[in-house]
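Participant: Structure incoming, see below.
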Amino acid sequence: MARAKPLAHPHESVINRWQRGVAVYEAPVLTPWFVVFLAMFVAGTVIAAFRLLGGSLAPFAAMTDAYAWGVWKTFNVMALTALGSGALAVGLASWVLGRHHLHTVMRTALVTSFLFYATGLLGLLTDVGRPWNFWNMLLPWRWNTESALWEVAFAMPVYCAAFLLYENGPMVVERLWHARSDRVRGWVRTWHPRIRKTYPFVVAGAYVAPIIHQSSLGALMVLAGHKVHPLWQTDLLPLLYLVQALVCGFGAVIVVLMTSCLVWRRPLDVKVLGELADLMSWTTLAWLALRLGDVVVRGRLGDAFALDAFSLLFLAETAVIATPALLLRSPRLRAVPRALYASALLACLGGLAYRFIPTTLAYAPGKGSTYFPSVPELVITLGLVATVVGAFSLVVKRFAVLPAPLES
Amino acid sequence: MSLLSRRRLLRTVGTGLSTAAVGGAAAVAAAPAAAAAPREAPADAVGMLYDATKCIGCKACVAECTKVNDLAPDTELSGGLWQMPADLNPQTKNVIKLYADEATGRTSFVKRQCMHCVDPACVSGCPFNALAKGPQGIVGWDGERCIGCRYCEVSCPFEIPKFEWKQFNPRIVKCELCRHVLARDGQPGCTRVCPTGAVVFGRRDLLLADAKARIATSPGVYHQDRVYGEKEAGGTQVLYLSHVPFEKLGLPTLSERAIPAGTRHGGVLVKFVAFPVVLYGVFLRFFRRNWKVHEAEVARVKAEQGLEEQL
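So the sequence lines, in the order shown, correspond to chains A and B.
Per the working numbering, the first sequence starts with residue 1, numbered consecutively.
Per the working numbering, the second sequence starts with residue 409, numbered consecutively.
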């Protein structure tokens, strides 16, 4: 809190170089890359439609009874929603901890988060074998509130469809104003004050929901017990998944912002990016303390340095996560865009690896069974990722998302 | 720090603490659920006792299981000639497998099916209670509630539940102790047809006593002179005796802690009421404080630059 204090004075400006969201008007929507993403989206959608309407999972997925969860769940839901935790991470930093400089990047975080969550949910829908039974969600007496998966299936759609849409609402409402229709403007005049009035009350809840379900994602693998390698299996998985989500949230926002600035030739705000990187670095260090402390307390340090396949995997994963955190402790490096970008990218990769490994590489159910995603599984998974990228590039060209300086 | 901001800080901390106190009280109220003692099998829990030393590998139980449960016999390995399941699969709820140690020439059969855990991981993880412990502790499956998420397959330490990957209306297939015929036959198909009494059906406590009596009568015959399933993963309702190490029969070495115990951080009140309410209270407190800074900034920017707020 001490750092937020100098800005807390109402007469001091908290405006930074990046000042407002400005749509990328100058760039055309239909670019070769957009066509590629669109094609990947269509391919994924067509296969997903065949899988859902055609019935059984077998011809589409390489999953087996031993490896019953494939990449749709383990990557799109359990790993990628960490990248979709930017709204949580940046929201907590700006609105709760009072890092007011970060308000300008909130919209970028919100759009990114919505897209990662929405595609994750589509992945989940494609994955379940009896999706028609989701109507059980309407019958509270059938809920198993003890189940981490129930919690995920309940809270993720609510978070995505209610909280994230609400938080993205002002951006849409603001855009409607420019439709220049009196009827629409009347509607905006009614609704904008309503959103403003309820904003703190709703958005405070928007930070509670992901804290619960991001930790539930970690709790999922606790139930897999001895099937998950002891270097990863711990009762602390919920907390580790949650903190890693914050790391990936900050990291993803940095990567998305810098990539956007690079692609659409926008000026960077190194101060804001540096602040994000600073927070990401501290969060990672806290995570590392938890992670390594847990390994030591559980007496698994020997496994960590046994130099077998799992030990090497653990060491590599830890190195990929620790390197950017340590590099970014240097204020000088935080001001170098190239170093910032590489570090954030590495942090995201490390975070994804940590959240992916316990479900797949370090998950060894039966001897002799292996799993590698089938082509249709990969097409759908990559299609969902392409949907995030393509939809993001579309949204930022039509809505005031990406931050820009005022001089333009 | 000015007086005003100190007062504000105190108020913030005060509100935070009082919210925490309310939440904490709720948490304490719900604490019995949180610090739950290990779950016990119901008094009338039924199960099976399989004694590997008595099994002759005739597979009568496998054939009968298929018949009683109306499953299509798995004839794939035999080229369509006779039932020959390699392992449990979506057509096979019960299987006999052979363990043979080539070095010592020691062999043993093993019968595998659902263990009907006392505190099953599959039941704990099942989102809509499609898998649930029913009367007499039998773990049964309800197709109306199952969304086909296959979390049961991920969580089962014995890798018992199987999913009908090839079906349009896929079911979770696993032994349900023939609960649909228990009232009529008094026991499941497999125990009814077993010619040597290698597998018997009964109340869990009686089976456990029986197993211990067998160990007492012939000391040194059974592996570690103990019953597998008495304590494994919090106990199972199907118990095993074996002359070879249990892990050789594919029965994993498990701790005595029930697997779901590691996921029970408080009951529903703590998880979905007290904890979120406390968090919400704290977040809202700080949020509203920063909202005021934001509003002042919005007013200033509008006055100086004529620009509207962007939320």
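Backbone N, C-alpha and C fix where the C-beta goes; we use that ideal spot for every residue, glycine too.
Predicted, not measured: the structure shown is a model, and the values here were computed from it.
So what does DSSP say about R520(B), is it helix, strand or coil?
Facilitator: Numbered from 1 along the second sequence, position 112 holds the residue referred to as residue 520(B). Three-state DSSP puts R520(B) in a strand.
Participant: Assign T625(B) to buried or exposed, taking buried as 16 or more other Cβ atoms, counted over all protein chains shown, within 10 Å of its Cβ.
Facilitator: Translated into positions along the second sequence, residue 625(B) becomes position 217. By the 10 Å Cβ count, T625(B) comes out exposed.
Participant: Please report the distance separating the alpha-carbon of Q575(B) from that of G55(A).
Facilitator: As a working note, residue 575(B) is residue 167 in the second sequence. As a working note, residue 55(A) is residue 55 in the first sequence. Distance between the alpha carbons of Q575(B) and G55(A): 7 Å.
Participant: Over what stretch of residues does the alpha helix (DSSP H) that includes V36(A) continue unbroken?
Facilitator: Here residue 36(A) refers to the residue found at position 36 when the first sequence is read from its first residue. Here the alpha helix (DSSP H) through V36(A) covers 32-54.
Participant: Alpha carbons only, please: which of R447(B), L649(B), T512(B) is nearest the one belonging to Y636(B)?
Facilitator: The count along the second sequence starts at 1 and reaches residue 636(B) at position 228. Residue L649(B) is the option with its Cα nearest to Y636(B).
Participant: Measure the CB-CB distance between V454(B) and Q645(B) and report whether it falls below 8 Å.
Facilitator: The residue labelled residue 454(B) in the question sits at position 46 within the second sequence. The residue labelled residue 645(B) in the question sits at position 237 within the second sequence. Yes, the pair counts as a contact, with Cβ atoms nearer than the cut-off.
Participant: Taking beta-carbon pairs under 8 Å, can you tell me which members of the stretch 462-481 of chain B lie near chain A?
Facilitator: Answer in chain order: no residues at all.
Participant: Residues bridged to G610(B) by DSSP?
Facilitator: As a position in the second sequence, residue 610(B) is number 202, starting the count at 1. DSSP output for G610(B) lists G455(B) as bridge partner(s).
Participant: Taking only the alpha-carbon atoms, compute the straight-line gap between V389(A) and R130(A) and give it to the nearest angstrom.
Facilitator: The residue given as residue 389(A) occupies position 389 in the first sequence. The residue given as residue 130(A) occupies position 130 in the first sequence. Approximately 29 Å between the Cα atoms of the pair.
Participant: Is N698(B) helix, strand or coil by DSSP?
Facilitator: On the second sequence, residue 698(B) is found 290 positions in, with the first residue counted as 1. Correct three-state label for N698(B): helix.
Participant: If we ignore side chains and look at the alpha-carbon of each, how far apart do L409(A) and V476(B) end up?
Facilitator: Residue coverage of chain A in this structure runs from 1 to 408, which leaves residue 409(A) outside it and unanswerable.
Participant: Could you tell me which chain B residues have their CB closer than 9 Å to the CB of I212(A), listed as they occur along the chain?
Facilitator: Taking the first residue of the first sequence as position 1, residue 212(A) is located at position 212. The contacting residues are K679, F680, F683, P684, L687.
Participant: For I504(B), which residues does DSSP report across the bridge?
Facilitator: Taking the first residue of the second sequence as position 1, residue 504(B) is located at position 96. According to DSSP, which records beta bridges pairwise, I504(B) is partnered with K519(B).
Participant: Please list, in chain order, all residues of the same chain as K5(A) whose beta carbon is under 7 Å from its beta carbon, the five residues on each side excluded.
Facilitator: Within the first sequence, the letter at position 5 stands for residue 5(A). At K5(A) the pLDDT is 43, less than 50, meaning the model places this residue with poor confidence; the figure from the coordinates comes in the next sentence. So no residue of the chain qualifies.
Participant: Check distances from the C-beta atoms of the stretch 216-231 of chain A to those of chain B and list, in chain order, the residues that come in under 9 Å.
Facilitator: From the stretch 216-231 of chain A, only A219, L220, M221, V222, L223, A224, G225, H226, K227 have a Cβ closer than 9 Å to chain B.
Participant: Among the candidates N168(A), L315(A), R298(A), whose CA atom is the shortest distance from the CA of F305(A)?
Facilitator: Position 305 of the first sequence, counted from the start, is the residue given in the question as residue 305(A). F305(A) has its Cα closest to that of L315(A), out of N168(A), L315(A), R298(A).
Participant: Among H588(B), E638(B), W549(B), which has the Cα closest to the Cα of K570(B)?
Facilitator: Your numbering for residue 570(B) matches position 162 in the second sequence. The residue with the shortest Cα to Cα distance from K570(B) is W549(B).
Participant: Could you round the C-beta distance between V379(A) and G44(A) to whole angstroms and report it? I think they count as a contact, below 8 Å.
Facilitator: Here residue 379(A) refers to the residue found at position 379 of the first sequence. Here residue 44(A) refers to the residue found at position 44 of the first sequence. Confirmed, Cβ separation roughly 6 Å.
Participant: Near F250(A), what residues of its chain come up, given a Cβ to Cβ distance below 6 Å and the 5 sequence neighbours on each side ignored?
Facilitator: What you label residue 250(A) is simply residue 250 of the first sequence in a count that begins at 1. Cβ neighbours of F250(A) beyond the five flanking positions: A89, L276, L279, M280.
Participant: What separation, rounded to the nearest whole angstrom, lies between the Cα atoms of F707(B) and P337(A)?
Facilitator: Here residue 707(B) corresponds to residue number 299 of the second sequence, with the count starting at 1. Here residue 337(A) corresponds to residue number 337 of the first sequence, with the count starting at 1. Checking the sequence, you will find Ala at residue 707(B) rather than Phe. Cα to Cα, the separation comes out at about 33 Å.
Participant: Alpha carbon to alpha carbon, what distance is there between R355(A) and G642(B)?
Facilitator: The count along the second sequence starts at 1 and reaches residue 642(B) at position 234. The count along the first sequence starts at 1 and reaches residue 355(A) at position 355. Their backbone Cα atoms lie some 28 Å apart in a straight line.
Participant: Please report whether the beta-carbon of G642(B) lies at a distance below 8 Å from any beta-carbon of chain A.
Facilitator: Sequence index remark: in the second sequence, residue 642(B) carries index 234 (1-based). For G642(B), the answer is no, since every Cβ of chain A falls outside 8 Å of its Cβ.
Participant: Would you check if the stretch 147-162 of chain A and the stretch 90-110 of chain A touch, i.e. whether three or more CB-CB distances between them fall below 8 Å?
Facilitator: The stretch 90-110 of chain A vs the stretch 147-162 of chain A: no contact.
Participant: Short of 8 Å in beta carbon distance, which residues of its chain neighbour L240(A), apart from the five on each side in sequence? Order them along the chain.
Facilitator: The sequence position of residue 240(A) within the first sequence is 240, counting from 1. So the qualifying residues of the chain are G218, T234, W287, L290, R291, D294, Y354.
Participant: According to the Cβ coordinates, are Y199(A) and C160(A) closer than 8 Å?
Facilitator: Looking up residue 199(A) in the first sequence gives position 199. Looking up residue 160(A) in the first sequence gives position 160. Against a cut-off of 8 Å, the Cβ pair of C160(A) and Y199(A) comes out as no contact.
Participant: Can you tell me whether K412(A) is helix, strand or coil according to DSSP?
Facilitator: As displayed, chain A neither begins before 1 nor continues past 408, which places residue 412(A) out of reach and without an answer.
Participant: Using a Cβ cut-off of 8 Å, pull out every chain B residue sitting near R20(A), in sequence order please.
Facilitator: For the purposes of this step, residue 20(A) is identified with residue 20 of the first sequence, where counting begins at 1. Chain B residues near R20(A): L715, Q718.
Participant: Give me, in chain order, the residues of the same chain whose beta-carbon lies closer than 8 Å to that of V173(A); leave out the 5 immediate sequence neighbours on both sides.
Facilitator: Reading the first sequence from its first residue, position 173 is the one you call residue 173(A). Correct list, in chain order: V188, W191, H192, I195.
Participant: Going by alpha carbons, who is nearest to A669(B) out of S563(B), W699(B), G556(B), Y630(B)?
Facilitator: Start at 1 with the first residue of the second sequence, and residue 669(B) comes out as number 261. The residue with the shortest Cα to Cα distance from A669(B) is S563(B).
Participant: Just tell me which of Q499(B), H524(B), K582(B), F609(B) has its CA closest to the CA of D459(B).
Facilitator: Position 51 of the second sequence, counted from the start, is the residue given in the question as residue 459(B). Taking only the C-alpha atoms, the option nearest D459(B) is F609(B).
Participant: Consult DSSP for P446(B) and reduce its assignment to one of helix, strand or coil.
Facilitator: Residue mapping note: residue 446(B) aligns to position 38 of the second sequence, counting from 1. Reduced to three states, the DSSP call for P446(B) is coil.
Participant: Report back the beta-carbon spacing between L457(B) and L647(B) to the nearest angstrom; my notes put them in contact at under 8 Å.
Facilitator: Taking the first residue of the second sequence as position 1, residue 457(B) is located at position 49. Taking the first residue of the second sequence as position 1, residue 647(B) is located at position 239. Contact flag correct, Cβ pair sits at about 5 Å.
Participant: From A441(B) to R672(B), what distance separates their C-alpha atoms?
Facilitator: Position 33 of the second sequence holds residue 441(B). Position 264 of the second sequence holds residue 672(B). For A441(B), the predicted model reports a pLDDT of 45, less than 50, meaning its position is unreliable and no value from the coordinates is stated.
Participant: Expressed to the nearest angstrom, what Euclidean distance is found between the alpha-carbon atoms of F114(A) and I211(A)?
Facilitator: Stepping through the first sequence from its first residue, residue 114(A) is reached at position 114. Stepping through the first sequence from its first residue, residue 211(A) is reached at position 211. Distance between the alpha carbons of F114(A) and I211(A) is about 16 Å.
Participant: What does DSSP give as the partner residue(s) for K541(B) in the beta ladder?
Facilitator: Here residue 541(B) is taken as the residue at index 133 of the second sequence, counted from 1. In the DSSP output, where bridge partners are listed per residue, K541(B) has V547(B).
Participant: G551(B): buried (16+ other C-beta within 10 angstroms of its C-beta) or exposed?
Facilitator: Taking the first residue of the second sequence as position 1, residue 551(B) is located at position 143. It is exposed - the Cβ of G551(B) has fewer than 16 other Cβ atoms within 10 Å.
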